[in-house]
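A.B. asks: Before anything else, here's the structure in question.
In this note's numbering, the protein residues as written are 1 to 364.
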């Protein structure tokens, strides 16, 4: 099976580089605020939104992968029912065992809270996120219950916070994290030492980390699915509820994403290069239905291929609070919930360097 990693086509990159014209923050704020003031806007978010929470984006401001050696595991590799597939699962789950805690513990940044304020004020009722970190939920779960969150936030590519086996049994990701630790006490001790010394690895948006050459993945134990064991079946074919490269988005999620675009009058894209077809086709659908589209992203995006799409090349975190204040006006002062949201958020932007493998413990 031949599956490729999504990229921005070279022709689009060249067009984007020719069109680049950085604008002042004041001009960007006014431009985006005018776009949103009319209301009923859908929002698509990408990895760039979570950068200020300490989770690196896949690509830098030139549109290229920050790690030129980036090599993800594909769906058909992870779920292959062979010894080869078991090896891919050992590699994935070891890296994820070390990479999940930083994602689990990450906190929403000002962009997450600003978007939550717009949702709470019903300016942008629905967010379609490509991110699997759950940070949009964390930004609004103090005022919305789980049912309301499920209505307002669509996770296009799934979530890292649940694990499902090949027979459909589901377990909470932290429970599975504990199972991995119990099955691999040496790696558990190493992970605890990383946390104790504040040496946690920087994590990619999919929870993956870089490990040194020579790491013994074949010694890592992937636990059996406990529900399958109760059914007298041995099964280590388990994956996070994330859409891997080469895996199809569930029909209900795909259909809901198009419904959201159809239900809204305009579309705002934040922090996404739109490299993946699942997000790109939503923008294409909006353009084909003559809906205004504005893209706020630092660096090239596939939206440069569309005539009429408004593109603002500036970091969202630098302006988004002021955008929301201009859109909501006096409501910010009158509504304590919104005012608090616009004062909230961490900022811990990771460095752009990619070659940062964590040290390997001796004997592993």
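For each residue, glycine too, the CB sits at the ideal point set by N, CA and C.
1) Compute the Euclidean distance between the alpha carbons of residue 318 and residue 43, then round it to the nearest angstrom.
2) Can you check which of these residues, 315, 224, 322, 76, is closest to residue 298 by C-alpha distance?
3) So which of 75, 168, 221 has the shortest CA-CA distance to residue 182?
4) Can you check the stretch 296-342 for any beta strand (DSSP E) of at least 3 residues that lies completely inside it and give the ranges in chain order?
5) Quick check on the burial criterion: 16 or more other C-beta atoms within 10 angstroms. Buried or exposed for residue 259?
6) Mind checking residue 95: buried by the 16 CB within 10 Å criterion, or exposed?
7) Within 10 angstroms of the Cβ of residue 186, are there 16 or more other Cβ atoms? Answer buried if so, exposed if not.
8) Just to confirm the assignment, what range does the beta strand (DSSP E) spanning residue 260 have?
9) Ignore the nearest five residues each way along the sequence and tell me which others in residue 139's own chain have a CB closer than 6 Å to its CB.
10) Comparing C-alpha positions only, which one of 219, 311, 253 sits nearest to residue 27?
11) Using CA coordinates, which residue listed in 268, 85, 342, 72 is at the minimum distance from residue 204?
12) Within the stretch 61-141, note down every full alpha helix (DSSP H) run reaching 4 residues or more, in order along the chain.
13) Pick out whichever of 272, 306, 274, 271 has its Cα sitting closest to the Cα of residue 288.
14) How about residue 88: is its C-beta nearer than 8 Å to some C-beta of chain C?
15) Starting from residue 172, follow the beta strand (DSSP E) in both directions and report where the run begins and ends.
16) Would DSSP call residue 240 helix, strand or coil?
17) Check the C-beta distance from residue 293 over to residue 269 and give it rounded, since I have them as a contact under 8 Å.
18) Would residue 152 and residue 144 qualify as a contact pair, given that the criterion is a beta-carbon distance under 8 Å?
19) Verify whether the separation of the beta carbon atoms of residue 132 and residue 169 is less than 8 Å.
20) Could you tell me how far apart the beta carbons of residue 434 and residue 266 are, in whole angstroms, since I believe they sit closer than 8 Å?
21) For residue 183, does the three-state DSSP call read helix, strand or coil?
22) Alpha carbon to alpha carbon, how far is residue 216 from residue 130? Give it in angstroms, no decimals.
23) Which residue or residues does DSSP assign as beta-bridge partners of residue 293?
24) Once you ignore the five residues that flank residue 442 on each side, which residues in its own chain have a CB closer than 6 Å to its CB?
25) Among the residues of its own chain, which have a CB less than 7 Å from the CB of residue 92, if the five just before and after it don't count?
26) Thinking C-alpha only, which one of 128, 308, 282 is nearest residue 159?
27) Would DSSP call residue 44 helix, strand or coil?
28) Please report the distance separating the alpha-carbon of residue 180 from that of residue 100.
29) Taking just the CA atoms, how far does residue 232 sit from residue 48?
30) Identify every residue that forms a DSSP beta bridge with residue 153.
31) Where does residue 225 fall in DSSP's three states?
32) Residue 102 to residue 198, Cα distance in whole Å?
33) Does DSSP put residue 37 in a helix, a strand or coil?
34) Give the range of the alpha helix (DSSP H) segment to which residue 161 is assigned.
35) Measuring alpha carbon to alpha carbon, tell me which of 296, 171, 309 ends up nearest residue 228.
C.D. replies: In brief:
1) As a first step, residue 318 is located in the chain shown; it is residue number 318 there, counting from the start. As a first step, residue 43 is located in the chain shown; it is residue number 43 there, counting from the start. About 18 Å.
2) Within the chain shown, the letter at position 298 stands for residue 298. Checked all of 315, 224, 322, 76; the closest Cα to residue 298 is 315.
3) Locating residue 182 in the chain shown gives position 182, where the first residue counts as 1. The shortest Cα separation from residue 182 among 75, 168, 221 belongs to 221.
4) 310-312
5) Working through the chain shown from its first residue, we reach residue 259 at position 259. Its Cβ having fewer than 16 others within 10 Å, residue 259 is exposed.
6) Indexing the chain shown from 1 puts residue 95 at position 95. The residue in question, residue 95, is buried, as its Cβ has 16 or more Cβ neighbours within 10 Å.
7) Taking the first residue of the chain shown as position 1, residue 186 is located at position 186. So residue 186 ends up on the exposed side.
8) Numbered from its first residue, the chain shown carries residue 260 at position 260. That residue, residue 260, is in no beta strand (DSSP E); its alpha helix (DSSP H) goes 251-263.
9) Taking the chain shown and counting its residues from 1, the one referred to as residue 139 is at position 139. 108, 112, 113, 116, listed in sequence order.
10) As a working mapping, residue 27 is identified with position 27 in the chain shown. Per the Cα distances, 311.
11) By 1-based counting over the chain shown, the position of residue 204 is 204. Checked all of 268, 85, 342, 72; the closest Cα to residue 204 is 72.
12) 75-78, 83-105, 110-120, 135-140
13) Position 288 of the chain shown, counted from the first residue, corresponds to residue 288. That would be 306, whose Cα lies nearest to the Cα of residue 288.
14) Of the chains in the structure shown, none is chain C; there is only one protein chain.
15) Indexing the chain shown from 1 puts residue 172 at position 172. In this chain, the beta strand (DSSP E) harbouring residue 172 covers 170-172.
16) Position 240 of the chain shown, counted from the start, is the residue given in the question as residue 240. Residue 240 falls in the strand class under three-state DSSP.
17) Looking up residue 293 in the chain shown gives position 293. Looking up residue 269 in the chain shown gives position 269. That pair is a contact at about 7 Å.
18) In the chain shown, the residue the question calls residue 152 occupies position 152. In the chain shown, the residue the question calls residue 144 occupies position 144. Contact flag set, yes.
19) The count along the chain shown starts at 1 and reaches residue 132 at position 132. The count along the chain shown starts at 1 and reaches residue 169 at position 169. Taking a C-beta distance under 8 Å as the contact criterion, residue 132 and residue 169 do not qualify as a contact pair.
20) Any answer about residue 434 is impossible in this case: the structure gives the chain only from 1 up to 364.
21) Locating residue 183 in the chain shown gives position 183, counting from the first residue. Correct three-state label for residue 183: helix.
22) Walking along the chain shown from the start, residue 130 turns up at place 130. Walking along the chain shown from the start, residue 216 turns up at place 216. The straight-line gap from Cα to Cα measures roughly 32 Å.
23) In the chain shown, counting from the first residue as 1, residue 293 sits at position 293. The partner list for residue 293 (beta bridge, DSSP) reads 267.
24) Residue 442 cannot be examined here, being either before or after the span of the chain that is shown, 1 to 364.
25) For the purposes of this step, residue 92 is taken as the residue at position 92 of the chain shown. Excluding residues within five positions, the ones whose Cβ falls inside 7 Å are 73, 78.
26) Counted from its first residue, the chain shown places residue 159 at position 159. Residue 128 is the option with its Cα nearest to residue 159.
27) As a first step, residue 44 must be located in the chain shown, where it is residue number 44. Residue 44 falls in the strand class under three-state DSSP.
28) Position 180 of the chain shown, counting from 1, holds the residue named residue 180. Position 100 of the chain shown, counting from 1, holds the residue named residue 100. If you take the alpha carbons of residue 180 and residue 100, they lie about 12 Å apart.
29) Here residue 48 refers to the residue found at position 48 of the chain shown. Here residue 232 refers to the residue found at position 232 of the chain shown. Residue 48 and residue 232: Cα-Cα distance of roughly 44 Å.
30) As a first step, residue 153 must be located in the chain shown, where it is residue number 153. In the DSSP output, where bridge partners are listed per residue, residue 153 has 127.
31) Position 225 of the chain shown, counted from the first residue, corresponds to residue 225. Coil, per DSSP.
32) The sequence position of residue 102 within the chain shown is 102, counting from 1. The sequence position of residue 198 within the chain shown is 198, counting from 1. If I take the Cα positions, the gap works out to 11 Å.
33) For this step, residue 37 is matched to residue 37 along the chain shown. Looking at residue 37 - three-state DSSP - the assignment turns out to be helix.
34) Taking the first residue of the chain shown as 1, we reach residue 161 at position 161. Not the alpha helix (DSSP H): residue 161 falls in the beta strand (DSSP E), residues 158-165.
35) For the purposes of this step, residue 228 is identified with residue 228 of the chain shown, where counting begins at 1. The shortest C-alpha separation from residue 228 is found at 171.
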